[in-house]
Amino acid sequence: MAESVYKVIELVGTSSDSWEKAASAAVKRASDSLRDLRIAEIVELDMQLEDGKIRAYRARVKVSFKYEGGD
């Protein structure tokens, strides 16, 4: 197997419905602008509250993709 390098970025996805949809939103958005996504890791789950009610579910996601140079 050839040697490879992967870059890892951290994103926060949000959803008014669930943590799963929040995580999916982060991965979907990343896939719109990044190529060759490899792994998504849920780092943290939390909720945004307003007046004692859940306003949004938030998922902090680390996403890795094949690094091809640049920054």
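Numbered per my numbering, the sequence shown spans residues 110 to 180. Note that the Cβ used here is the ideal one computed from N, Cα and C, for glycine as well. Predicted model, so just to flag it, every value in this text is computed and none were measured.
Looking at residue i: is its Cβ nearer than 7 Å to the Cβ of residue j?
i	j	result
S125	A168	no
V114	Y176	yes
Could you work out which residue in the options is closest to residue i when comparing CA atoms only?
i	options	result
L158	S113, T123, E119 and I118	T123
K130	K162, D160 and L154	L154
Less than 6 Å between C-beta atoms, sequence neighbours within five positions excluded: which residues of the same chain meet that for residue i?
i	result
V136	A149
I163	M156
Leaving out five residues before and five after residue i in sequence, what residues of the same chain have Cβ atoms less than 8 Å from its Cβ?
i	result
S140	L146
A132	G122, A149, I151, A168 and V170
I think residue i touches residue j, with their Cβ atoms under 8 Å apart; what is that distance to the nearest whole Å?
i	j	result
V152	E119	7 Å
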